[in-house]
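Chemist: Just add 2 to wherever you are in the sequence shown, counting from 1, and you've got the working numbering.
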Amino acid sequence: FRFAAQIEDRRFLLVLPTGTEDADGANFWNATDACCDFGLTGVDDSAYLRGLVDEALGKFNISNVGFSGHSNGHFMSYRMACDHSDVVDAIAGLAGATWLDDSMCGATDPVAVLHVHGDADDVIEYEGDGVFPSAPVSAQTWADRAGCTGSMEGEALDLLDGIDGAETITQEFTGCGSDVALWTM
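(1) Would residue 129 be called buried (16 or more neighbouring beta carbons within 10 Å of its own) or exposed?
(2) From the DSSP output, which residues share a beta bridge with residue 2?
(3) Assuming residue 8 is part of the alpha helix (DSSP H), what are its boundary residues?
(4) Would you call residue 4 buried or exposed, if buried means 16 or more other Cβ atoms sit within 10 Å of its Cβ?
(5) My assumption, with CB atoms under 8 Å, is that residue 93 sits in contact with residue 125. Please give the rounded CB distance.
(6) Can you give, in chain order, each stretch of the beta strand (DSSP E) that sits fully within the segment 46-133 and has at least 3 residues?
(7) Using a Cβ-Cβ cut-off of 8 Å (strictly less than) and excluding sequence neighbours within five positions of residue 29, which residues of its own chain qualify?
(8) Short of 7 Å in beta carbon distance, which residues of its chain neighbour residue 87, apart from the five on each side in sequence? Order them along the chain.
(9) In the DSSP assignment, what are the bridge partners of residue 32?
(10) For residue 77 versus residue 102, is the C-beta distance shorter than 8 Å?
(11) Using the C-alpha atoms, what's the distance from residue 60 back to residue 168?
(12) So residue 187 and residue 176 are in contact, right, with Cβ under 8 Å, and what is the actual spacing, rounded?
(13) Between the Cα of residue 37 and those of 72, 14, 7, 165, spot the shortest distance and give me the residue it belongs to.
(14) Which word fits residue 27, buried or exposed, when buried means at least 16 other C-beta atoms lie within 10 angstroms of its C-beta?
(15) Going by DSSP, what residue range makes up the beta strand (DSSP E) through residue 172?
(16) Under a three-way DSSP split, which group does residue 136 fall into?
(17) Looking only at its chain, what residues have a beta carbon closer than 7 Å to the beta carbon of residue 62, apart from the 5 residues adjacent to it on each side?
Structural data, given as structure tokens:
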């Protein structure tokens, strides 16, 4: 996401933790029942990341906390919004999903959500797979939680190299207690 290049201009603290290493040597986050503790370690990444947030809040003057990630990192961002909406102000991610069973989400405070997803994704399918919800359902769930009363198509965006024109359709939810949007690539 090229956050490091924007630290000075946008004035934010960037923390880049890595997840637990699995048996194959790949890092993962234990985010939801759909993703991605496939080795069933039971590691509590939600508590680990909350600890990092609390440590940063104790050392720096931070006005907003956000999480972002791709795929498993996006699932984890949703998990953090669900578990720690008292400190998480916003999440933005690519190709992840929230809980399939919304009762697993304990969010009590508004969280701004930007969900970006490719409609041709064959790994974390845009339409969901019965284990995790679709991209539209993930965004709608958070729009409902924020009290949104409607939605509108926003500006089309040209985000992908190699595809001519504006390939990303934006949907913005309206009448909300927080910002919620779905960008479909």
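For every residue, glycine included, the Cβ atom is placed at its ideal position computed from N, Cα and C. Just so we're clear, the structure is a prediction, and the values are computed from it rather than from any experiment.
Modeler: Quick answer:
(1) exposed
(2) Here the chain has residues from 3 to 187 only, and residue 2 is not among them.
(3) First-last for residue 8: undefined, no H or E at that position.
(4) exposed
(5) Not a contact, Cβ separation roughly 20 Å.
(6) 68-72, 92-96, 114-119
(7) 20, 21, 22, 23
(8) 109, 110, 111, 113
(9) DSSP output for residue 32 lists no bridge partner at all.
(10) no
(11) 42 Å
(12) Contact doesn't hold; Cβ gap of about 22 Å is too wide.
(13) 72
(14) exposed
(15) 171-176
(16) coil
(17) 15
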